[in-house]
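Per the working numbering, the very first residue in the sequence shown carries number 8; after that it's consecutive.
Think of the CB as a built atom: it goes at the ideal place given N, C-alpha and C, for glycine as much as any other residue.
Note that the structure is a prediction, hence the values are computed from the model and not measured.
Read the structure below first, then the notes.
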Amino acid sequence: MKSLTALFLLLLIQATAFAVTKWSSSLPKSSDFSPSVELTERVDFWRKIYSEYTTKQGVFHVASDPNFVLGEVDLTPIYNNAVINEREKRKQIKITIEDKRTEVAKKWKISVQKIRLQMGLKDRMEKALFLSGRYLPMMEKVFRKNGLPIELTRIVFVESSFNVLAQSKVGASGLWQIMPSVARPHGFITNAYDKRNHPVYATELAARILKENYKKLGSWPLAITAYNHGLTGVIRMKAKANSTNIEDLIDST
Numbered sequence: 008m009k010s011l012t013a014l015f016l017l018l019l020i021q022a023t024a025f026a027v028t029k030w031s032s033s034l035p036k037s038s039d040f041s042p043s044v045e046l047t048e049r050v051d052f053w054r055k056i057y058s059e060y061t062t063k064q065g066v067f068h069v070a071s072d073p074n075f076v077l078g079e080v081d082l083t084p085i086y087n088n089a090v091i092n093e094r095e096k097r098k099q100i101k102i103t104i105e106d107k108r109t110e111v112a113k114k115w116k117i118s119v120q121k122i123r124l125q126m127g128l129k130d131r132m133e134k135a136l137f138l139s140g141r142y143l144p145m146m147e148k149v150f151r152k153n154g155l156p157i158e159l160t161r162i163v164f165v166e167s168s169f170n171v172l173a174q175s176k177v178g179a180s181g182l183w184q185i186m187p188s189v190a191r192p193h194g195f196i197t198n199a200y201d202k203r204n205h206p207v208y209a210t211e212l213a214a215r216i217l218k219e220n221y222k223k224l225g226s227w228p229l230a231i232t233a234y235n236h237g238l239t240g241v242i243r244m245k246a247k248a249n250s251t252n253i254e255d256l257i258d259s260t
């Protein structure tokens with residue numbers, strides 16, 4: 008995840024699972040991955056981001072509360088304008104966003120600094136769904152072999168959108184966006200090769216990481232969060248919130 012807070016990975020996994028079932032009925036239901044009453048509204052927000060708004064459309068919301076939606080912006084006309092060049096498009100997009108942000112701030116009598124814009128991901132999700140057909144059967148087989156819920160394979164929708172060559176600014180790579188510091192101890196990176204970009208090897212390592220996280224943390228919500236945020240980071244958040252409840256961890260940040 009590049010533009011999203013790592014702590015919201017669980018919400019995105021749940022939202023992604025619901026978005027995926029909109030196109031496919033193959034995903035089994037599991038109470039472990041169904042949103043709690045406390046998280047239902049937050050999950051619904053991300054479900055809409057993944058299934059209703061494209062990357063050219065966005066939603067303004069209170070920075071501290073995604074449920075508090077303030078307004079929308081549609082940049083599609085600017086992106087589709089064949090008359091202006093890319094530089095002018097970027098300029099118009101920036102102006103349009105800031106004008107809309109100011110308009111929303113005045114309407115709701117709120118500081119512009121407290122307003123966040125979340126762009127949609129519908130078209131990115133649709134592309135990922137197309138690409139996923141190439142990898143999901145293998146991934147589900149690996150996770151079943153390791154005794155893991157196959158819902159966990161949907162993490163890839165969030166991490167890389169099934170782009171096998173995806174790389175992050177901080178060094179994460181491959182379908183599962185595995186960091187070098189995580190891959191090296193498992194022998195996945197040497198001077199001769201890097202297995203993080205190999206779909207099967209990376210999936211096997213991801214399954215191993217998630218299983219280890221679960222053994223140490225005792226719940227899938229925490230194990231999933233630790234996959235992206237780091238095991239140490241989640242342990243630190245647990246201490247800060249004085250709780251193992253994912254809702255408490257989210258609220259304490």
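Quick one: measure Cβ to Cβ for leucine 182 and phenylalanine 169, integer angstroms, because I've assumed they're closer than 8 Å.
-> Right, the Cβ-Cβ distance comes to about 6 Å (below 8 Å), so this counts as a contact.
So which of Ser167, Pro192, Leu217 has the shortest CA-CA distance to proline 156?
-> Comparing C-alpha distances from proline 156 to each of Ser167, Pro192, Leu217 shows the shortest one belongs to Leu217.
Classify glycine 178 as buried or exposed, calling it buried when 16 or more other Cβ atoms lie within 10 Å of its own Cβ.
-> With fewer than 16 Cβ atoms within 10 Å of its Cβ, glycine 178 is classed as exposed.
Give every residue of the same chain whose Cβ lies closer than 8 Å to the Cβ of threonine 109, excluding the five residues on either side of it in the sequence, and list them in chain order.
-> Shown here for threonine 109: same chain residues with a beta carbon closer than 8 Å to its own, the five before and five after excluded, namely Val119 in chain order.
Buried or exposed: proline 276, going by 16 or more other Cβ atoms within 10 Å of its Cβ?
-> Because residue 276 is not part of the residues shown, which for the chain are 8 to 260, the question remains open.
Hey, quick one: how far does the beta strand (DSSP E) through histidine 68 stretch, first residue to last?
-> DSSP places histidine 68 inside the beta strand (DSSP E), whose first and last residues are 64-69.
For aspartate 201, the residue or residues it bridges with in DSSP | Note: aspartate 201 sits in a beta bridge opposite Ile196.
What is the residue span of the alpha helix (DSSP H) that arginine 243 lies within?
-> Counting along the chain, the alpha helix (DSSP H) containing arginine 243 begins and ends at 238-248.
Are the C-beta of isoleucine 185 and some C-beta of chain D separated by less than 8 Å?
-> The displayed structure is made up of one protein chain only, and chain D is not part of it.
Nearest residue (CA-CA) to valine 189, options Asn74, Ala230, Lys152, Leu238 = Between valine 189 and the set Asn74, Ala230, Lys152, Leu238, the nearest pair of CA atoms involves Leu238.
Return helix, strand or coil for phenylalanine 52, following the three-state DSSP convention.
-> Here phenylalanine 52 sits in helix by DSSP.
Proximity winner among Asn249, Gly127, Ile162, relative to alanine 214 (alpha-carbon distances) = Checked all of Asn249, Gly127, Ile162; the closest Cα to alanine 214 is Ile162.
Alpha helix (DSSP H) containing asparagine 220: first to last residue?
-> From DSSP, the alpha helix (DSSP H) with asparagine 220 extends over 206-224.
Under the rule that 16 or more other beta-carbon atoms within 10 Å means buried, what is serine 32, buried or exposed?
-> Model confidence at serine 32 stands at a pLDDT of 43, short of 50, so the residue's coordinates are unreliable; what they give is reported in the following sentence. By the 10 Å Cβ count, serine 32 comes out exposed.
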